[in-house]
Every structure is written in C-alpha cells, then in structure tokens.
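> Please find one structure pasted underneath; my questions will follow.
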Amino acid sequence: MKVLFIHRHCGVGGVSTVIRSRYVGLKQLGIEADYLFLNDYGGKKIFSDLDIRLYQLKDHNEIAKIIYGNTYDFISSIDCPELHGLLNTLPHTFKILCEVHTPYPDQRAYLKKADLPSGTRCIVTPSETFKEIIRNERSAFRDIPIHVIPNPVEERFLVDGDHVKEPFNKKYVGWIGRLDKMKNYQEGLKIAEECAAFRDDVEFIFVGRFPSGGGTQLFPQILKFKGRTKFKWLPFIPHQDVHRFYGLLRESGGCYLSTSLGENQSCAALESMASKCPVVTTDIEVFKELLEDGRCGSIYKSGNVRDAVDTINKILDDRVLRDAITDSAYTKVLERFTVEKVSLKWEKLLKSLE
Amino acid sequence: MADLKKGDLQRRVTELEKKVETLKGELAEKERLLTSMYTSKTWKLGQLYGRLFGMESFWREKISSFAKKIFGIRPRNKWNTIISSPVRATDRHYQTLLEFISHITLGKGIFVMIARPKIVEGIGFRAEELNYRVVGLANEFSKEGVRILYVFTEQKEGVSLDHIERVSENILQMSIQLFFKTFEFFFERINSFSTNKVLFIHRLHPCVVEIVCCANAYNWTTVYDILDNWEEFSKAGWLTEWYSRDLEEFVVSNADIKIAVSYFLQRKFNYSGNVHIVHNGYYPDSLNVPVKNLKQGEVTAGYFGSLEKYRFDWDLLLSIAERHKDWLFYLIGRMPRNIRLRENIISLGTLHPAELYAYAQNWDVALLPFKVNNLTISCDSLKVYEYLSFRLPVVARGVGEHVRNYPYVYIAETERDFEKYITIAASTRIEEDKITDFLRTSDWSSRAKEILTIVQSGKPNYKEYIFESPLHT
Chain A
82 MKVLFIHRHC
92 GVGGVSTVIR
102 SRYVGLKQLG
112 IEADYLFLND
122 YGGKKIFSDL
132 DIRLYQLKDH
142 NEIAKIIYGN
152 TYDFISSIDC
162 PELHGLLNTL
172 PHTFKILCEV
182 HTPYPDQRAY
192 LKKADLPSGT
202 RCIVTPSETF
212 KEIIRNERSA
222 FRDIPIHVIP
232 NPVEERFLVD
242 GDHVKEPFNK
252 KYVGWIGRLD
262 KMKNYQEGLK
272 IAEECAAFRD
282 DVEFIFVGRF
292 PSGGGTQLFP
302 QILKFKGRTK
312 FKWLPFIPHQ
322 DVHRFYGLLR
332 ESGGCYLSTS
342 LGENQSCAAL
352 ESMASKCPVV
362 TTDIEVFKEL
372 LEDGRCGSIY
382 KSGNVRDAVD
392 TINKILDDRV
402 LRDAITDSAY
412 TKVLERFTVE
422 KVSLKWEKLL
432 KSLE
Chain B
823 MADLKKGDLQ
833 RRVTELEKKV
843 ETLKGELAEK
853 ERLLTSMYTS
863 KTWKLGQLYG
873 RLFGMESFWR
883 EKISSFAKKI
893 FGIRPRNKWN
903 TIISSPVRAT
913 DRHYQTLLEF
923 ISHITLGKGI
933 FVMIARPKIV
943 EGIGFRAEEL
953 NYRVVGLANE
963 FSKEGVRILY
973 VFTEQKEGVS
983 LDHIERVSEN
993 ILQMSIQLFF
1003 KTFEFFFERI
1013 NSFSTNKVLF
1023 IHRLHPCVVE
1033 IVCCANAYNW
1043 TTVYDILDNW
1053 EEFSKAGWLT
1063 EWYSRDLEEF
1073 VVSNADIKIA
1083 VSYFLQRKFN
1093 YSGNVHIVHN
1103 GYYPDSLNVP
1113 VKNLKQGEVT
1123 AGYFGSLEKY
1133 RFDWDLLLSI
1143 AERHKDWLFY
1153 LIGRMPRNIR
1163 LRENIISLGT
1173 LHPAELYAYA
1183 QNWDVALLPF
1193 KVNNLTISCD
1203 SLKVYEYLSF
1213 RLPVVARGVG
1223 EHVRNYPYVY
1233 IAETERDFEK
1243 YITIAASTRI
1253 EEDKITDFLR
1263 TSDWSSRAKE
1273 ILTIVQSGKP
1283 NYKEYIFESP
1293 LHT
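Here it is as structure tokens:
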C-alpha cells in the first residue's frame, strides 16, 4: 500500500511532525508514505534522519507526473485546496482523502466553499471536537464520512520511570507556538507578568516566531511588558531537542502552558503529556476533550489571567495534584496516541477504503 | 560703441525687471497657495500627527491606535526611527560572511561583538582605539586566533552602514543594521561548527533583542557586558535615543552570562543570577613620547576626559582652585558652555589620545573630580588605568568602590579630603615594582583572559538541559 500526503507548507510545526511520526508508524506496518508540499518553511530538515521521499513542487504538471509515476493507492490532501483542482482530474482509481488540521478558519474556508476533490472518500480530523467544528462548517458533501484519527506522539517523548531531578533554581513554564492571535501569545505574556508579580521562583520560556519574519516584532512586546522581565524567548528549538524542552519543564517543577484559542488537537500538549510534563491550557473544547475536563491537565478560563496564574500556581506547588495529572495524561497517551496505536487506526481506515 | 553697450545693458535691465515682476507674481501665487494649504484641515491634521512623533505617552498610544483604526496609519516613534533602515543585504555580503566563516579555526572559536564605535577604517587598529574596552578586548581575542564579527551601533554622518569591512585578519566589521538582516543566515551557517560560539553585547540596541534570542536558540553562549549604568545616563539626558530599561532587563534575563565593570552594577543586576566582575583595563602603549613642556605650579594637577556637568564636579574643582592659587590645573577635553575658568585652571582643549602622555608628564597628580551619584559610582573610569600607566598618582571622588584597592589612588569623600590628598599624592613617589605588578594584571590581555575563563565556565542549566543533555538520546 502506498500513500501520498500533500500539504501546503512544510513548516516546523504540527503537520510536519505528524507526518514524520505517521511515516515511521506506517512503515512498520508495511505501508509506504511519501510527502509532497508546495513550500518549505524550514520543515524539510526535520525529516533528515528518515528515508522518506519528499517532493517540494508547485508546478501542477510536475505534481501530476509524481502522482501518476508512483501509482499511489491513496492521496491525502491535508488542508491543501491549491491542489484540489488537480486532484479532480485524477481517475477514480486514485482514492482521495481530505484531512482537516488547520485551526485557522480562513485556511479551511474551502470547506464552506464546498471545494473538495470530487472523488473524496472521507475526511479525517485529529479530534472529536474538531470533527464537530468542521461538520458544522462544511456546506456540502454532507454524505462524506468524517473519521477521527488522532495525532501520534513520537517515542522519544515518552518518559519511562522517574528521572534524577536536576538542581534547578527556578521552575520553568514553557509556551510553544506561532506568535499570532490564534495562539494568543499576548495572554501568555500577561500571565508571565502577573506571575512574576507574586513569585520569583518561576521563569517563562516562550518558543516561537511571528508569522511574518523580518523586523523587530519582538521589541515592541517587550516595551509593553510591565514589571520586571521574567521570561526568555527562543525563536525555535531544534526539532531533535524539543523533547528535552518538555523534560526541562518537568524536571524543574514547571509546566507547559497553552493560551491557544484554536487547536485541532495540539501536538505540543500531547508531547507534553507524553513527557510527563503537566499541561495548563485554555478552556476551549478541544483541550477539554484532550485533557478530559481537567483529569489529564489543568484548564483555566480563557481570557482570565488571574485564573491562569492560580491554575499554574496549583500545578507548580501541589505535588499530589501534579503527579495525579501527569500520570493520567501519560496513561492516556500510551493508550491512544502512540505511533503504533495511531498507525493501526490508519491501516484500518485505509483497508476499509480499498 | 559705449552707447551700444549702454543700450544693451538697459535692455538687459528691462528684461531682468520684467523677470523680477514675473517672479514676484509667481511668488505671490505660491504664497497664496501656501496660505490656503496652512489653513486647510489636512495640514492641521498633519501638524497634529507630526507632533506625535517620538511621543511616548498614554495619549500617543490612544491617538495612534485611533489613527490606525481610522486611517490604517501609525505615527512613527523613536524606536521605529532607530530600527528602520534602508540597508539591504546583498549576495556580496553573504559571500563575504561565508568566506569569513570558512576560515574559522576549530577550537579557537568565533565571537560576535556588538558595540558602539565603529573601528576606524583601514587594516588593523590604531593604538588610541585599543584603550576602549571593546576594541581592546577584540584585539586580544583576535590575537588568540578567535574570529570576530564586530558589529557597531554607531550611526552618524559619513559612517557607512551597508559595508562589511576587514579590520584585521581575524576581524570583520559591519553595522547592526546589516547584521540584523543577516544574523540568522550567519548563525545557521555556523551551526555545524563545533567551536566556541559567543555573542557579546557591549551596547544595547532594539535589534539586539531578536539577535540574542536567536543566538540562544542556536546554542551560542550569550554575554551581556555591562559597561556603564546606561539607565543613569539616560536619566541625565544622555543616550535617550536608544536606552530603555525594558530592553536592558530583557537582555539581562536572556543572556547566559552577565559581566559588570563595577560592584554597583553587579548589585544592580544580581537579581538575575550571578553577575561576574571584570574591570576595565588599559593598552600598554609605548611611553616614549617627548614631553610638551607646560608651566608648572606649586602643585600641578591634570585631568583628561569628559568635562560634562552631569559627571564632572566643577564646583569641587573651582572651589579648590580658588583656595590654592599657586596650584595649576590642566584640563584636556571639550569645555562645556557657561563655565568661567579661574586663572590657575588651564584648558588645553581636545587633544589626540596619542598626545596625552606628552602633556601628562608635566603633572604631579592626576584627578578624577566627579560628582557622587549613581551614575559616577557605578562606572569604572578608563582614566584610572591610563593615569596609573602614566605613573601618576590619582586623587578621585565619585568613582567605583573597587578603585580603593588600587595602588596610588586616593579616594576622597569630601572636598577637604580631596584637597588634602592632592598634597599627599603630589609628594608621592611611584615605586616601579608596585605599579608594574598592578598594571601587569590590568591590561586588556589579562581582562580578555578573565572573560574567556568566565565564558568557558559553562552555560545556564536550562540550555545545557535542552541542547546538551544526554537524556532520551
């Protein structure tokens, strides 16, 4: 069996890491997977240790040549309406899936415009909540089934047993994501500001870039920050080191924080759960589903900075609560989100479409 | 012939008169246009907008957000002016950087040093530049085989911002504006070299924020070298164009290593963790300069450096000079306005640094008559080291507390003390052994070694954990 995954951009975020894990899992099941994307935004290098075939192409004729030349059984378009026209021209022997991952409503406007390839067999999304969101958004193709296959977590994130605690003199609270309105980084800064006003044993580390590069976009944010600066900023963490970042948060007695207002499932939250690093998130439905209303992670009321700080303080200071949450989260990851478990779901789905 | 000439001239005069009339008409028309423009609503709005430039206030924010909402515009402020730059990175710039990177000696390392002054164009350093901390250190590091990308923030007329210049074999120089366009390329290309990679921030600049964060992400060692109490300078009305406390705190919070020149600055930033001390130093230049003879007093004292009122204690000097009319005081530096010198205070104006020793040889004692405030006591005046290297005893007030431990330096608390110490210092004989011992460990070469030891002492544990921990591997 051979699958081609298509996406608009090969970035360093969610979709690329999902495809990476997926490739590893499917390969173990004897399913070949290739990855085609239109633009590389630095994501290509995260595949450097794998023998996956990557195609960076924009020209439709070239893409068609790849598709016909490789006789794929399945083509999965992940939020890539740019190629739906081309996919429409393919004979029905090619089985087409459409994956909806983007939490950005404007980027999934194609659902509202009913712009899906005509032969689409099914839609795949990573969570039940997200399935409901897109069920309400699509204006046509109501007969196309929607399946939920979660994002997998790579094995390197999984922590087995306890580790020797490093002597950290502060607790790190980590935030990872694109610095935009959806990820709501400014709320993260306000939380850091509020937290710093009450305790000096906590430091925030923000990881991410602004959507459009260039210019000193960070500097104005610093001028807005009130009180003594208690945060570090890293534009990125190399892909191969991300698991260590969650390890740092865990070992220092800190936590992972998401202020996001929209997610399909959240790879970062999942990775944190797998790393036994406690998770604190906003109360959006996707997180409620993932964190089981607080059993696998703490949830605060989005927009309420005071509530966020209280929630973080509890998770930093209450060892019992911390252990209970991380244990539940870890168990859930093992049960549902390992590469092996998720790949079996994919295999099952693909076989059902054959 | 003469009549003809006269006729020609008259015609010419008439023509010119007509032209004047025409121009007057045009002028009147333009004035009318200008008047109507000045009275127009657009102009008045423009004036209002113009007044918002550089205004950092609640109202500026309010008005600018309103303007942005309505017109999609935002008044520029001082930061925008500093940051925005027409400098563009070209293929040639990238090629030069690649060529520079390709010659890194493994094991020696590469340092990026962000500082204010541009090193004078041409190959190599000039001796007078080597007394500046950053230039002195860059010179010493480069002698050790370290490759240095020297980034200057100085922006003044005639300083080219879009050139990369070779200063010496190991030192390349470029503006912060150009570096800001190329730093990520630079860090990425150098990433595969497992060598000492250190970013030194000797001078703050808005662009430094992104540069220090990026350097951290590429696992460089980042060092903030706290040269002065910039906040106090800013309060005194200096450096207001680029200083912001938020900016400095962010850099302090994100740099791996903090080095201060004085204990005052160490205490100021100690909240962020350990702040190391590396004092200033001097460049042991040749002292074989013929003396330029000056008139001598019963005691001859001198000072060179900034004479600005925010630092230099004019009241102290004038008062002592009043009481000791037979003492002579020489001042080298630019005189501030509205200072009336007494007869026994002689201004030599500004001199080339290479000439200082020629004049200083006439002095019995060197002075540092500073006001006592947070600005002065947090500094580590370079002049102390220069005076001592000239074998001059020093009488000082308003200097860092560490200077108390230096040989032949008399620290006065009061004006009377200052006066008393001048007398004592003037009759002090400098013992060469004693001063040599001190100077041997106070030159830039020693300071560079101290800094290298600190830099090699390790990264903060958050970084070691993320980038170097064997966990999970």
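Protein chains in written order, with my numbering: chain A, 82 to 435; chain B, 823 to 1295.
For glycine and all other residues, C-beta sits at the position ideal for the given N, C-alpha and C.
#1: Could you check whether the Cβ of B:F880 sits closer than 7 Å to any Cβ belonging to chain A?
#2: My parser needs the beta strand (DSSP E) runs of 3 or more residues fully inside the stretch 1109–1152 of chain B; what are they?
#3: Roughly how far, in whole angstroms, is the beta-carbon of A:C377 from the beta-carbon of A:C358, given that I think they are within contact range, below 8 Å?
#4: Can you tell me the Cα-Cα spacing of B:A1039 and B:S1016, whole angstroms?
#5: Nearest-angstrom Cα distance between B:F875 and B:W1064?
#6: In the DSSP assignment, what are the bridge partners of B:E1006?
#7: Could one say the Cβ of B:Y1046 lies closer than 7 Å to chain A's Cβ atoms, at least one of them?
#8: Once DSSP output is grouped into helix, strand and coil, what is the label at B:T836?
#9: Nearest CA to the CA of B:N992: which residue from B:T927, B:P939, B:N953, B:Y1284?
#10: Of all Cβ atoms in chain A, is any one closer than 7 Å to the Cβ of B:R896?
#11: A:D322 versus chain B: which residues are under 7 Å apart at the beta carbon?
#12: Enumerate in chain order the residues of its own chain whose CB-to-CB distance from A:T392 is below 8 Å, with the five nearest sequence positions on each side excluded.
#13: Based on Cα-Cα distance, which residue from B:K1117, B:K1193, B:H1098, B:N1160 lies nearest to B:N1166?
#14: In chain order, what residues of the same chain have a beta carbon less than 6 Å from the beta carbon of B:S1084, not counting five sequence neighbours either side?
#15: Shortest alpha-carbon distance to B:A1037 belongs to which of B:M935, B:T1236, B:E1208?
#16: Within a Cβ cutoff of 8 Å, which residues of the same chain sit near A:E370, ignoring the five residues on either side of it in sequence?
#17: For B:I1233, list the residues DSSP reports as bridge partners.
#18: For chain B, find out if any of its Cβ atoms is closer than 7 Å to the Cβ of A:P316; answer yes or no.
#19: At which residue ranges does the stretch 1010–1093 of chain B contain complete beta strand (DSSP E) runs of 3 or more residues, listed in the order of the chain?
#20: Can you give me the C-alpha to C-alpha distance between B:E1070 and B:L1026, rounded to a whole angstrom?
#21: Closest to B:F1126 by C-alpha separation, out of B:E839, B:F1008, B:F1151, would be which residue?
#22: So which residues on chain A does B:N1076 lean against when the C-beta distance must stay under 8 Å?
#23: Using a Cβ-Cβ cut-off of 6 Å (strictly less than) and excluding sequence neighbours within five positions of B:L919, which residues of its own chain qualify?
#24: If you count every other CB in all the chains shown that lies within 10 Å of the CB of A:N489, and 16 or more means buried, which is it?
#25: Out of A:K271, A:Y253, A:Q302, A:V229, which has the shortest C-alpha to C-alpha gap to A:R325?
#26: Can you name, in chain order, every residue of its own chain whose Cβ lies under 8 Å from the Cβ of A:H182, other than the five neighbours on each side?
#27: On a Cα-Cα basis, can you pick out the residue from A:V229, A:I87, A:R202 that is closest to A:I214?
#28: Quick one: what's got a C-beta closer than 6 Å to A:L110's C-beta in the same chain, skipping five residues either side?
#29: With a threshold of 7 Å between beta carbons, is A:I127 in contact with chain B?
#30: Less than 7 Å between CB atoms is the rule here; does B:D1068 satisfy it with respect to chain A?
#31: Where does A:E435 sit, in a helix, a strand or coil, going by DSSP?
#32: Would A:G289 and A:P184 qualify as a contact pair, given that the criterion is a beta-carbon distance under 7 Å?
#33: Given that A:I303 touches chain B, what residues does it touch there, using C-beta distances under 7 Å?
#34: At 9 Å on the CB atoms, spell out the chain B contacts of A:L397, in chain order.
#35: Name the two residues that bound the continuous alpha helix (DSSP H) containing A:K108.
#36: Taking Cβ positions only, does A:F418 come closer than 7 Å to chain B?
Working from what's here:
#1: Numbered from 1 along the second sequence, position 58 holds the residue referred to as residue 880 of chain B. Legend: pLDDT at B:F880 = 48, less than 50; position of this residue unreliable, no value from coordinates given.
#2: At a cut-off of 3 residues, the continuous stretches assigned as beta strand (DSSP E) that sit fully inside the stretch 1109–1152 of chain B are 1121–1126.
#3: If you number the first sequence from 1, residue 377 of chain A lands on position 296. If you number the first sequence from 1, residue 358 of chain A lands on position 277. Not quite, the Cβ-Cβ distance comes to about 12 Å (not below 8 Å), so this is no contact.
#4: For the purposes of this step, residue 1039 of chain B is identified with residue 217 of the second sequence, where counting begins at 1. For the purposes of this step, residue 1016 of chain B is identified with residue 194 of the second sequence, where counting begins at 1. When rounded, the distance between both Cα atoms is 15 Å.
#5: Indexing the second sequence from 1 puts residue 875 of chain B at position 53. Indexing the second sequence from 1 puts residue 1064 of chain B at position 242. Confidence at B:F875 is low in this model, with a pLDDT of 46, below 50, so the placement of that residue should be treated as unreliable; the coordinate-derived value is given next. Approximately 15 Å, taken between the alpha carbons.
#6: The count along the second sequence starts at 1 and reaches residue 1006 of chain B at position 184. According to the DSSP secondary-structure assignment, B:E1006 is paired through a beta bridge with no residue.
#7: Reading the second sequence from its first residue, position 224 is the one you call residue 1046 of chain B. So no, B:Y1046 is outside the interface.
#8: To locate residue 836 of chain B, count along the second sequence from 1; it is residue 14. Looking at B:T836 - three-state DSSP - the assignment turns out to be helix.
#9: The residue given as residue 992 of chain B occupies position 170 in the second sequence. With distances taken between Cα atoms, B:N992 lies closest to B:T927.
#10: In the second sequence, counting from the first residue as 1, residue 896 of chain B sits at position 74. Note that B:R896 scores 47 on pLDDT, short of 50, meaning its location in the model is unreliable; the coordinates nonetheless yield the value given after this. Taking Cβ atoms only, chain A never reaches closer than 7 Å to B:R896, which makes this a no.
#11: As a position in the first sequence, residue 322 of chain A is number 241, starting the count at 1. Simply I1288, F1289.
#12: Along the first sequence, read from residue 1 onward, the residue named residue 392 of chain A stands at position 311. Excluding sequence neighbours, A:T392 sits near V361, S379, I380, Y381.
#13: Locating residue 1166 of chain B in the second sequence gives position 344, where the first residue counts as 1. Looking at the Cα atoms, B:K1117 is the closest of the given residues.
#14: One-based indexing of the second sequence puts residue 1084 of chain B at position 262. Cβ neighbours of B:S1084 within its own chain (closer than 6 Å, five residues either side excluded): S1200, D1202, G1222.
#15: Residue 1037 of chain B sits at position 215 when you count from the first residue of the second sequence. Answer by Cα proximity: B:M935.
#16: The residue labelled residue 370 of chain A in the question sits at position 289 within the first sequence. Result list for A:E370: S208, E209, T210, in chain order.
#17: One-based indexing of the second sequence puts residue 1233 of chain B at position 411. B:A1218.
#18: Taking the first sequence and counting its residues from 1, one reaches residue 316 of chain A at position 235. The beta-carbon of A:P316 is placed less than 7 Å from the nearest beta-carbon of chain B.
#19: You should have 1019–1023, 1043–1048, 1079–1082.
#20: The sequence position of residue 1070 of chain B within the second sequence is 248, counting from 1. The sequence position of residue 1026 of chain B within the second sequence is 204, counting from 1. Each residue's alpha carbon lies about 7 Å from the other.
#21: Taking the first residue of the second sequence as 1, we reach residue 1126 of chain B at position 304. Out of B:E839, B:F1008, B:F1151, B:F1151 has the C-alpha closest to the C-alpha of B:F1126.
#22: Looking up residue 1076 of chain B in the second sequence gives position 254. By Cβ distance, chain A contributes K313, W314.
#23: Residue numbering aside, residue 919 of chain B sits at position 97 when the second sequence is read from its first letter. Excluding residues within five positions, the ones whose Cβ falls inside 6 Å are F1008.
#24: The question about residue 489 of chain A has no answer here: the residues shown for chain A are numbered 82 through 435.
#25: Translated into positions along the first sequence, residue 325 of chain A becomes position 244. Ranked by how close their Cα comes to the Cα of A:R325, the residues A:K271, A:Y253, A:Q302, A:V229 have A:Y253 in first place.
#26: Mapped onto the first sequence, residue 182 of chain A falls at position 101. Same-chain partners within the cutoff: G95, V96, V99, I159, D160, T206, P207, N345.
#27: On the first sequence, position 133 is the one that residue 214 of chain A refers to. Comparing Cα positions, the closest option is A:V229.
#28: Taking the first residue of the first sequence as 1, we reach residue 110 of chain A at position 29. Result list for A:L110: S424, E428, in chain order.
#29: What you label residue 127 of chain A is simply residue 46 of the first sequence in a count that begins at 1. No - not a single Cβ of chain B is within 7 Å of the one on A:I127.
#30: In the second sequence, residue 1068 of chain B corresponds to position 246, counting from 1. The C-beta of B:D1068 comes closer than 7 Å to at least one C-beta of chain A.
#31: Within the first sequence, numbered from 1, the residue matching residue 435 of chain A stands at position 354. For A:E435, the three-state secondary structure derived from DSSP is coil.
#32: Here residue 289 of chain A refers to the residue found at position 208 when the first sequence is read from its first residue. Here residue 184 of chain A refers to the residue found at position 103 when the first sequence is read from its first residue. Judged by beta-carbon spacing, A:P184 lies beyond the 7 Å limit of A:G289, meaning their Cβ atoms are not closer than that value.
#33: On the first sequence, position 222 is the one that residue 303 of chain A refers to. Residues of chain B whose Cβ lies closer than 7 Å to the Cβ of A:I303 are, in chain order, V1031, D1068, L1069, F1072.
#34: Stepping through the first sequence from its first residue, residue 397 of chain A is reached at position 316. Near A:L397 there are no residues of chain B at all, since even the closest Cβ is about 16 Å away, more than 9 Å.
#35: Locating residue 108 of chain A in the first sequence gives position 27, counting from the first residue. Segment 95–109, the alpha helix (DSSP H) holding A:K108.
#36: Sequence index remark: in the first sequence, residue 418 of chain A carries index 337 (1-based). With a threshold of 7 Å between beta carbons, A:F418 makes no contact with chain B.
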